[in-house]
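Notes to accompany the following structure.
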Amino acid sequence: MAQEVRGVIARTKGASVELETIVVPDPGPGEAVVKIRSCGVCHTDLHYREGGINDAFPFLLGHEAAGTVESVGEGVTEVAPGDFVVLNWRAVCGRCRACRRGRPWYCFDTHNAKQRMTLTDGTELSPALGIGAFAEKTLVAAGQCTKVDPAASPAAAGLLGCGVMAGIGAAINTGRVGRGDSVAVIGCGGVGMAAVAGSALAGAAVVIAVDLDDRKLEIARRLGATHTVNSRSQEPVEAIRALTGGHGADIVIEAVGRPETYKQAFYARDLAGTVVLVGVPTPEMRIDLPLQDVFGRGGALKSSWYGDCLPSRDFPMLIDLYQQGRLDLDAFVTETIELDGVEEAFARMRGGDVLRSVVLL
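When the letters of the sequence shown are read in order and numbered with the UniProt record's numbering, they come out as residues 1 to 361.
Structure representation (structure tokens):
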């Protein structure tokens, strides 16, 4: 039967979040109920609260999560009750033209749970990224659950569900960073920091981290940056070129999502180099580049959506690397908080005081 649990909702645009009782239905065909153990406070949740995604209020926030499968619906075979899972927001369909061509990480028909969680008065909730994990339990499509090693720290493992995977994937999957490459990462929030770690993991010889905040640049060095550039005091394109023999980096990852930083990325790459956009722009943003420069510089301009990841392939691999001590996911966890601390965590995130606050349940 349906269960009542606590969850964090955004009721109206710009209003402070509220801790409310929510109703989680029994899982239907292809669905699973997951008992949440951790959920990172991601900037996307703040976008939802501010109405920057859509206006389907009220939202059940939270999506960067790990937990334990409590129950599954009819026809579910990929996970079972008791499995420790990381949640993802792109359950692949296996049937669309991308999946049929063997490229499921581009799935064009990803899906979420069909049933809706509600408030106790029956008001339907819109779960953030189809997950809604600032809650004691949530309902998702079973394909959104990826089984990983239960010995992994939930606080660290859950971060693979969004920001860390987006950044690592931007480097490894989209940018194809390889041994000996030079990489520059513009923007060292959670996603950019993960791109730094992913570039180092892939064997890049030079990893340049660019940001306005010296605190973040220091963390980037711990995660594998060989050089740092504070763009308040240095012109980033010139600095990146100076650190790469005057040529520019082989791969430049833009993790901010703004026209001005994208242009920096475009001109900071070497001839025939690659630009990867993983920062999320807002709808009104536009960019103006001379088409001659686009043609003349060659190379590739790519966008990375969720790090072009396939959760069933990438999550277990990255958890294994974490368990081996080769990927420091713990470095992304600045603090752990309780479920009623999300609003305060948003304020610290806005102030640049944390890399990730993580709710532990």
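Glycine residues also receive a C-beta, built at the ideal position from the N, C-alpha and C atoms.
Using a 10 Å radius around the Cβ and a threshold of 16 neighbouring Cβ atoms, would you call residue i buried or exposed?
i, result
"N112", "buried"
"P58", "buried"
"P81", "exposed"
"E64", "buried"
"D288", "exposed"
"N54", "exposed"
"H227", "buried"
"M1", "exposed"
"residue 367", "There is no way to answer for residue 367, as the model of the chain reaches only from 1 to 361."
"residue 426", "The question about residue 426 has no answer here: the residues shown for the chain are numbered 1 through 361."
"R350", "exposed"
"T244", "buried"
"V294", "exposed"
"T125", "The sequence given here has Leu at residue 125, not Thr. So L125 ends up on the buried side."
"P104", "buried"
"A56", "exposed"
"G298", "exposed"
"G102", "exposed"
"G180", "exposed"
Pull up the DSSP beta-bridge partners for residue i, would you.
i, result
"I22", "V5, L119"
"E64", "G40"
"residue 362", "Nothing can be reported for residue 362, as the shown portion of the chain is limited to 1 through 361."
"K35", "T68, K137"
"L360", "S38"
"F59", "A10, S126"
"L277", "E254, S303"
"A91", "H111"
"A170", "Answer is none; A170 lacks a bridge partner."
"R269", "A249"
In whole angstroms, give me the CA-to-CA distance for residue i and residue j.
i, j, result
"A171", "D121", "45 Å"
"Q324", "S153", "13 Å"
"R269", "I251", "6 Å"
"L277", "C309", "15 Å"
"P127", "G296", "45 Å"
"F266", "V275", "6 Å"
"K147", "R90", "15 Å"
"G40", "A155", "8 Å"
"M285", "Y306", "20 Å"
"A15", "H43", "16 Å"
"L217", "M165", "20 Å"
"K114", "G132", "14 Å"
"residue 367", "T174", "Outside the displayed span of the chain (1 to 361) sits residue 367, for which this structure offers no information."
"D340", "T118", "19 Å"
"A239", "V229", "7 Å"
"T12", "E50", "8 Å"
"P29", "P311", "21 Å"
"I253", "D213", "18 Å"
"E338", "A242", "45 Å"
"V206", "C93", "38 Å"
"residue 387", "G198", "Within the shown structure, residues of the chain are numbered from 1 to 361, placing residue 387 beyond reach of any answer."
"R326", "A98", "32 Å"
"L329", "H247", "32 Å"
"R221", "D109", "38 Å"
"E335", "P150", "21 Å"
"D211", "T138", "36 Å"
"S303", "R95", "23 Å"
"G163", "R356", "10 Å"
"R75", "D26", "Residue identity check: residue 75 is Gly in the sequence provided, not Arg. Approximately 14 Å between the Cα atoms of the pair."
"D314", "A142", "17 Å"
"Y106", "G169", "13 Å"
"S231", "T261", "10 Å"
"R116", "Q234", "50 Å"
"A300", "I219", "29 Å"
"V354", "R348", "6 Å"
"I319", "L291", "42 Å"
"V17", "G52", "15 Å"
"I208", "L321", "23 Å"
"F332", "V23", "32 Å"
"G62", "A345", "12 Å"
"Y48", "L129", "9 Å"
Mind reading off the beta-carbon distance from residue i to residue j? Whole number of angstroms is fine, and I expect it under 8 Å.
i, j, result
"C145", "A32", "6 Å"
"G177", "A249", "First, the amino acid is wrong: residue 177 is Val here, not Gly. The Cβ separation is near 10 Å, so there is no contact."
"E136", "I36", "6 Å"
"G67", "V85", "6 Å"
"L87", "V140", "6 Å"
"G7", "L60", "5 Å"
"G192", "G167", "6 Å"
"P259", "I186", "Wrong, their Cβ atoms sit about 12 Å apart, outside the cutoff."
"L223", "V256", "Between V256 and L223 the Cβ distance is about 18 Å, and since that is not below 8 Å, they are no contact."
"V358", "S38", "6 Å"
So is residue i in contact with chain C if we call contact Cβ pairs under 8 Å?
i, result
"R103", "Among the chains in the structure shown there is no chain C, since it carries only a single protein chain."
Jot down the residue ranges of each uninterrupted alpha helix (DSSP H) in the region 177 to 232, minimum 4 residues, whole runs only, in chain order.
Counting only runs of 4 or more, we get 190 to 201, 214 to 222.
Can you list the alpha helix (DSSP H) stretches of 4 or more residues lying completely in the region 302 to 344, in chain order?
311 to 323
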